Each structure stands twice: as C-alpha cells, then as structure tokens.
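Written out below as structure tokens is the structure these notes cover.
Chains as they are written, first to last, in my numbering: chain H, 1 to 331; chain Z, 332 to 496.
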C-alpha cells in the first residue's frame with residue numbers, strides 16, 4: 001500500500017527545522033526513524049502536507065555522560081545505541097534494559113529516543129488500515145464518534161505503548177524542547193497528558209531535542225519487565241520499570257513506572273512511600289505490587305485481555321522488586 | 332507533490348531516479364532499479380523481509396523514504412556476492428538448507444552479514460537475537476542458524492577479501 005502524498009523537507013539545523021514546522025503548523029509532522037510515522041501514514045491515520053525529516057540534524061545525536069552533570073541523550077540517538085551504550089548499561093540500567101526490548105533489533109537501528117518518547121498511542125481500533133477501520137466502524141480517535149473500548153464515555157483510551165518513557169521517569173529525566181522561541185525544559189512526567197487523543201504536551205512548532213538524566217541517579221539498580229506475545233517485534237502490552245538504590249540491604253530510594261496499560265506512562269509514587277527505609281520482605285513487595293495494579297488500568301485496547309495484562313503488572317512488580325532488592329548484584 | 336530527481340548509492344553504484352517524496356526505498360529498489368531481491372512481506376515493518384543495509388546497518392526499506400537516504404550507502408542482497416562468487420553466508424544457506432520458500436532469506440542474510448562484521452564469532456543465542464526481527468515461516472530457524480554457523484567457520488578459514496577460495 002502506498003503512502004499519501006506529502007512534501008518532504010530535510011532541514012540540517014534545529015533552528016531551521018522549527019521554523020519549517022511553524023510555517024506548516026498543524027499540516028506538518030516530524031519524522032526521524034520513520035518506524036512509527038510511516039506505518040501510521042500507510043494506515044491512513046495522518047495526511048500531513050509536509051513531513052519534516054530531522055534525521056540530518058547533527059546536533060540532535062549523541063550520548064554524553066559526566067559524573068557531575070549526569071547523562072545527556074540527543075533525540076536522534078537510536079534505541080540500539082542506548083541499549084548498547086556501556087555508560088547507560090553501567091549507570092542507568094533500567095534505561096538500557098527498556099531500550100533493548102523495543103520492537104526488534106532492526107527496528108531499534110532505525111527508531112530514535114525522541115520518537116519513542118513521542119510515539120503515537122495504540123489501540124486495536126486505531127492502528128489498522130482504512131479498510132479495516134471503515135468495516136469495523138471508525139473510532140473516536142480517527143474519523144468516528146464513538147470509542148469502541150468504552151462506548152459510554154467521551155474519552156479515547158488508546159494506550160501509551162513506548163518502553164523508554166517509563167524507564168526514564170524512574171530516573172527523574174527531563175526533556176529539552178526546541179521551538180522558534182528558544183529552548184525549554186520539562187520533567188518527563190509532565191510531558192504526558194494521559195489522553196489517548198492528545199498524548200503529549202508538544203506544540204506544533206516544537207521538537208523534543210534531547211533528554212537529561214541527573215547524576216544522582218547514576219548507579220541505581222534497574223529492571224524493565226515487558227509483556228508481549230512474541231519476544232521480539234511486538235509493542236508492549238504491559239511494562240514495569242524499576243530503579244532502586246540500596247544501602248546495606250535497606251531501600252534508600254525506589255521509583256516504579258508503568259507503561260502500556262494507560263494512555264500515558266505513569267510513575268506509581270506510592271511505591272516509594274511504601275518501601276523507602278525498609279529491608280526486603282515479601283510483604284513489602286506485595287504491598288507495592290498492590291499499589292501498582294491500582295494505578296494500571298488496562299482496558300480492551302488489544303487482543304490480550306485486560307485481566308491478563310493487569311495480572312502481569314503484579315507479577316512484573318514483584319519480580320523486578322524482588323530481583324533488585326533481595327540480591328547483591330541486582331541482576 | 333511533484334516527483335524530484337534523487338541520487339541513491341546502491342551496492343556501490345550511483346543511480347538517479349525521479350520519484351515523488353512519498354516513494355519508499357523498497358519500491359525504488361524493486362520497481363525503479365529492478366533489484367527485486369528485497370521483498371515486501373508484511374508491509375507493516377514487522378517481518379524483516381525488506382531489510383537492506385544503510386551504511387552497514389540493517390534497516391527496513393518498507394519504512395524508509397527513498398529521498399531521505401540519499402546520503403547513505405545502501406546494500407541489498409544483490410550486492411552480497413562478489414565477482415560472481417557467493418558470500419560464505421549464501422553458501423551456508425545452500426549447504427545447510429537455510430532457505431525454503433526463500434522470501435525471508437535476503438533480509439536474514441543481510442542481518443547476519445552485519446552481525447558477523449561486528450561480532451565474527453557469535454553464539455547461537457546471539458545469532459537468534461540478531462535475527463529475532465526477521466520472520467521465517469518455513470524453516471523453524473534451526474537450519475538458518477546452522478547456515479550462519481557454516482559462514483562463521485568459512486570466514487574464519489578464509490576471510491572475505493583474503494583472496495583464498
């Protein structure tokens with residue numbers, strides 16, 4: 001199936017790219033690796049007048065780590081580069097694990113961090129060809145008036161299905177956003193709206209240009225657990241990211257993030273309150289797992305049942321916390 | 332949307348084609364350049380049949396806009412044999428029965444080639460992980476892994492370009 005028509009712009013500098021985006025306004029879309037945008041174009045989900053290909057912008061690449069200032073990742077850094085980075089593996093384990101589970105090796109060679117943080121939301125009723133969507137009835141998010149997942153409501157429940165966002169949230173990451181007005185920074189947790197229709201706080205003339213992870217979280221133990229039907233290629237159906245700091249067996253700090261069950265990746269802040277200052281116990285882990293399944297709200301957005309995805313959240317929370325907390329190495 | 336001339340470097344050769352900006356690299360390769368080794372499988376970036384190398388890195392040509400890859404050196408399965416001599420990976424697929432219907436084979440050979448260039452002696456687990464995005468419905472993968480292992484042995488005996496047969 002061919003793609004709809006569009007103009008292709010290939011700016012070489014970030015300031016030029018944001019001006020191009022401003023020129024075309026809502027009729028422009030950003031493309032980098034293309035692994036999310038191109039299949040969605042093919043499915044008829046978007047019809048932009050201009051596609052702004054940012055791959056050629058050299059200043060958006062690279063991984064830099066400084067023990068004082070932390071980690072800086074350019075938005076065009078590929079998921080392969082993050083997963084294989086010795087700096088990320090050593091200091092920010094949860095991110096290396098999450099990046100290493102995205103899609104398949106070949107897709108990770110193309111897909112970028114910026115793209116993974118700005119993914120389109122996914123739903124059984126949305127990520128389908130025009131023919132499929134027409135035959136089954138268009139949905140609220142595209143061309144229709146009813147959400148087939150929750151027909152009584154007025155919200156779209158398409159699911160946030162990225163892997164790296166939840167991991168980066170457990171690491172207190174900040175994002176940098178460029179626009180014709182300059183640069184601004186925002187905690188990653190504030191970037192997501194938890195609305196399937198309108199997922200991120202990114203203006204039409206803005207580009208997510210980079211990610212910063214603070215130095216004080218370097219060395220946290222980390223684990224990312226992901227549910228999918230096949231162990232490669234598939235998007236997550238549920239995911240749990242944990243970063244934890246231990247001192248003599250006592251949990252000094254812990255953050256737990258969820259993905260692929262709500263319209264946004266979410267931190268379960270209660271887990272930190274429950275576990276900080278404690279020694280490992282199965283009861284403490286169970287209490288945290290309970291908090292996790294109170295936050296995760298899978299609905300019938302995929303062919304897997306919401307019950308199974310919810311159960312797996314509990315399993316993943318237990319598994320990750322136990323693995324990180326009750327052993328010396330953490331892995 | 333108007334067609335514009337673009338230049339692509341494929342298997343060491345320059346090609347000039349005039350294509351609209353929404354033209355996928357896979358379509359340019361197959362239809363404009365008649366390099367039909369790269370296959371359209373799922374058309375949904377899930378199967379790996381359309382894999383090509385861009386600057387030595389495996390990528391899916393069904394999600395690559397041709398005009399966006401004018402700066403890259405593209406390699407397809409047609410460029411893997413040198414001077415009429417099969418690459419040890421291709422030989423491995425013949426000897427070990429790594430190809431049945433053959434539809435996934437070009438993509439798999441290119442992923443394996445990139446793997447062996449980075450890691451000349453991968454374990455079977457590493458081979459399986461590298462190929463985990465390439466779907467094969469025929470072989471059950473065992474013969475594919477054996478084919479890659481055949482190439483590993485051959486390359487250790489006589490690296491490509493060493494002049495030895």
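Just so it is clear, CB atoms sit at the ideal spot from N, CA and C, and this is done for glycine as well. Just so you know, these numbers come straight off a predicted model, no measurement behind them.
Given a cut-off of 8 Å, decide if residue 208 (chain H) and residue 172 (chain H) are closer than it, judged by their beta-carbon atoms.
As a first step, residue 172 (chain H) must be located in the first chain, where it is residue number 172. As a first step, residue 208 (chain H) must be located in the first chain, where it is residue number 208. Against a cut-off of 8 Å, the Cβ pair of residue 208 (chain H) and residue 172 (chain H) comes out as no contact.
Sheet register partners of residue 344 (chain Z) (DSSP bridge)
Within the second chain, the letter at position 13 stands for residue 344 (chain Z). Looking at the DSSP assignment, residue 344 (chain Z) forms a beta bridge with Z:341.
How should residue 336 (chain Z) be labelled, buried or exposed, when 16 other C-beta atoms within 10 angstroms of its C-beta is the threshold for buried?
As a working mapping, residue 336 (chain Z) is identified with position 5 in the second chain. Looking at its Cβ environment, which holds fewer than 16 other Cβ atoms inside 10 Å, residue 336 (chain Z) is exposed.
Check whether the Cβ atoms of residue 463 (chain Z) and residue 161 (chain H) sit closer than 8 Å, and answer yes or no.
As a first step, residue 463 (chain Z) must be located in the second chain, where it is residue number 132. As a first step, residue 161 (chain H) must be located in the first chain, where it is residue number 161. Result no, Cβ atoms of residue 463 (chain Z) and residue 161 (chain H) do not sit closer than 8 Å.
Output needed for residue 482 (chain Z): all residues of its chain with C-beta closer than 6 Å, excluding positions within five of it in sequence on either side, in chain order.
On the second chain, position 151 is the one that residue 482 (chain Z) refers to. For residue 482 (chain Z), where only same-chain residues beyond five positions count, the Cβ hits under 6 Å are 419, 420 and 423.
Closer than 8 Å is the cut-off here; do at least three beta carbon pairs connect the stretch 370-388 of chain Z with the stretch 438-445 of chain Z?
yes
Would you mind reading off the limits of the beta strand (DSSP E) that contains residue 223 (chain H)?
On the first chain, residue 223 (chain H) is found 223 positions in, with the first residue counted as 1. Taken as a continuous stretch (DSSP letters only), the beta strand (DSSP E) holding residue 223 (chain H) covers 221-227.
Are the CB atoms of residue 263 (chain H) and residue 125 (chain H) within a distance shorter than 8 Å?
Counting from one through the first chain, the residue named residue 125 (chain H) turns up at place 125. Counting from one through the first chain, the residue named residue 263 (chain H) turns up at place 263. Cβ atoms of residue 125 (chain H) and residue 263 (chain H): not closer than 8 Å.
Residues of chain H with CB closer than 9 Å to the CB of residue 460 (chain Z), please, in chain order.
The sequence position of residue 460 (chain Z) within the second chain is 129, counting from 1. 105 and 232, listed in chain order.
Neighbouring residues, chain Z, relative to residue 6 (chain H) (Cβ below 7 Å):
As a first step, residue 6 (chain H) is located in the first chain; it is residue number 6 there, counting from the start. Neighbours of residue 6 (chain H) on chain Z, chain order: 332, 352 and 353.
Among Z:407, Z:466, Z:401 and Z:372, which one has its Cα closest to the Cα of residue 393 (chain Z)?
As a first step, residue 393 (chain Z) must be located in the second chain, where it is residue number 62. Measuring from the Cα of residue 393 (chain Z), the nearest candidate turns out to be Z:372.
Is the beta carbon of residue 163 (chain H) sitting closer than 8 Å to the one on residue 259 (chain H)?
Along the first chain, one-based indexing puts residue 163 (chain H) at 163. Along the first chain, one-based indexing puts residue 259 (chain H) at 259. Result yes, Cβ atoms of residue 163 (chain H) and residue 259 (chain H) sit closer than 8 Å.
Looking at residue 233 (chain H): is its Cβ nearer than 8 Å to the Cβ of residue 103 (chain H)?
By one-based count along the first chain, residue 233 (chain H) stands at place 233. By one-based count along the first chain, residue 103 (chain H) stands at place 103. Going by C-beta atoms, residue 233 (chain H) is nearer than 8 Å to residue 103 (chain H).
Partner residues on chain Z for residue 116 (chain H), Cβ-Cβ distance less than 8 Å
Numbered from its first residue, the first chain carries residue 116 (chain H) at position 116. Residues of chain Z passing the Cβ test: none, with the nearest at roughly 14 Å.
Once DSSP output is grouped into helix, strand and coil, what is the label at residue 65 (chain H)?
Within the first chain, numbered from 1, the residue matching residue 65 (chain H) stands at position 65. Note: residue 65 (chain H) maps to strand in three-state DSSP.
Taking C-beta to C-beta, are residue 14 (chain H) and residue 59 (chain H) nearer than 8 Å?
In the first chain, residue 14 (chain H) corresponds to position 14, counting from 1. In the first chain, residue 59 (chain H) corresponds to position 59, counting from 1. Yes, they are a contact pair.
Contact between the stretch 21-35 of chain H and the stretch 198-207 of chain H: three or more CB pairs below 8 Å?
yes
For residue 11 (chain H) and residue 17 (chain H), which I take to be in contact (beta-carbon distance under 8 Å), what is that distance rounded to the nearest angstrom?
Within the first chain, residue 11 (chain H) is the residue found at index 11, counting from 1. Within the first chain, residue 17 (chain H) is the residue found at index 17, counting from 1. Right, the Cβ-Cβ distance comes to about 4 Å (below 8 Å), so this counts as a contact.
Run through chain H and tell me which residues come within less than 9 Å of residue 396 (chain Z), C-beta to C-beta.
Residue numbering aside, residue 396 (chain Z) sits at position 65 when the second chain is read from its first letter. The contacting residues are 3, 8, 31, 34, 38, 51 and 53.
Using a Cβ distance threshold of 8 Å, determine whether the stretch 35-55 of chain H contacts the stretch 182-192 of chain H, with at least three qualifying pairs required.
no
Quick one: any contact between the stretch 300-319 of chain H and the stretch 76-87 of chain H, if contact means 3 or more CB pairs under 8 Å?
no
Select from H:78, H:88 and H:52 the residue whose C-alpha is nearest the C-alpha of residue 65 (chain H).
Here residue 65 (chain H) corresponds to residue number 65 of the first chain, with the count starting at 1. Looking at the Cα atoms, H:88 is the closest of the given residues.
If you run the structure through DSSP and keep just helix, strand and coil, what is residue 458 (chain Z)?
Indexing the second chain from 1 puts residue 458 (chain Z) at position 127. In this structure, residue 458 (chain Z) counts as helix in the three-state DSSP scheme.
Where residue 175 (chain H) and residue 108 (chain H) are concerned, what is the direct C-alpha to C-alpha distance, given to the nearest angstrom?
Numbered from its first residue, the first chain carries residue 175 (chain H) at position 175. Numbered from its first residue, the first chain carries residue 108 (chain H) at position 108. Cα atoms of residue 175 (chain H) and residue 108 (chain H): separation of roughly 21 Å, rounded to the nearest angstrom.
Is the Cβ of residue 464 (chain Z) closer than 8 Å to any Cβ of chain H?
Translated into the one-based positions of the second chain, residue 464 (chain Z) becomes position 133. Interface residue, yes.
Beta-carbon separation (whole angstroms), residue 478 (chain Z) vs residue 427 (chain Z), contact threshold 8 Å
Position 147 of the second chain, counted from the first residue, corresponds to residue 478 (chain Z). Position 96 of the second chain, counted from the first residue, corresponds to residue 427 (chain Z). By a beta-carbon distance limit of 8 Å, residue 478 (chain Z) contacts residue 427 (chain Z). Their separation comes to about 4 Å.
Residue burial classification, residue 194 (chain H) (beta-carbon count within 10 angstroms, cutoff 16):
Residue numbering aside, residue 194 (chain H) sits at position 194 when the first chain is read from its first letter. By the 10 Å Cβ count, residue 194 (chain H) comes out exposed.
Euclidean distance between Cα positions of residue 177 (chain H) and residue 364 (chain Z)
Your numbering for residue 177 (chain H) matches position 177 in the first chain. Your numbering for residue 364 (chain Z) matches position 33 in the second chain. One C-alpha to the other measures close to 40 Å.
So residue 109 (chain H) contacts chain Z; which residues on that side make the cut at Cβ distance below 7 Å?
Walking along the first chain from the start, residue 109 (chain H) turns up at place 109. By Cβ distance, chain Z contributes 388, 389 and 390.
Quick check on the burial criterion: 16 or more other C-beta atoms within 10 angstroms. Buried or exposed for residue 402 (chain Z)?
As a working note, residue 402 (chain Z) is residue 71 in the second chain. Exposed, by the Cβ-count rule.
Please tell me whether residue 382 (chain Z) has its Cβ less than 8 Å away from any Cβ of chain H.
Looking up residue 382 (chain Z) in the second chain gives position 51. Yes, contact with chain H.
Short CB-CB distance (under 8 Å) between residue 479 (chain Z) and chain H:
By 1-based counting over the second chain, the position of residue 479 (chain Z) is 148. With 8 Å as the cut-off, residue 479 (chain Z) does not count as an interface residue toward chain H.
Is residue 375 (chain Z) close to chain H, meaning its C-beta is less than 8 Å from at least one C-beta of that chain?
Looking up residue 375 (chain Z) in the second chain gives position 44. Cβ-Cβ to chain H under 8 Å: yes for residue 375 (chain Z).
In angstroms, rounded to a whole number, what distance separates the CA positions of residue 46 (chain H) and residue 374 (chain Z)?
Against the first chain, residue 46 (chain H) aligns to sequence position 46. Against the second chain, residue 374 (chain Z) aligns to sequence position 43. Each residue's Cα considered, the two are about 17 Å apart.
Would you verify that the beta carbon of residue 329 (chain H) is, or is not, closer than 8 Å to some beta carbon of chain Z?
Sequence index remark: in the first chain, residue 329 (chain H) carries index 329 (1-based). The pLDDT assigned to residue 329 (chain H) is 49, lower than 50, so where the model puts this residue is not dependable, and the model offers no usable value.
Quick one: what's got a C-beta closer than 6 Å to residue 366 (chain Z)'s C-beta in the same chain, skipping five residues either side?
Position 35 of the second chain, counted from the first residue, corresponds to residue 366 (chain Z). Result list for residue 366 (chain Z): 360, 407 and 409, in chain order.
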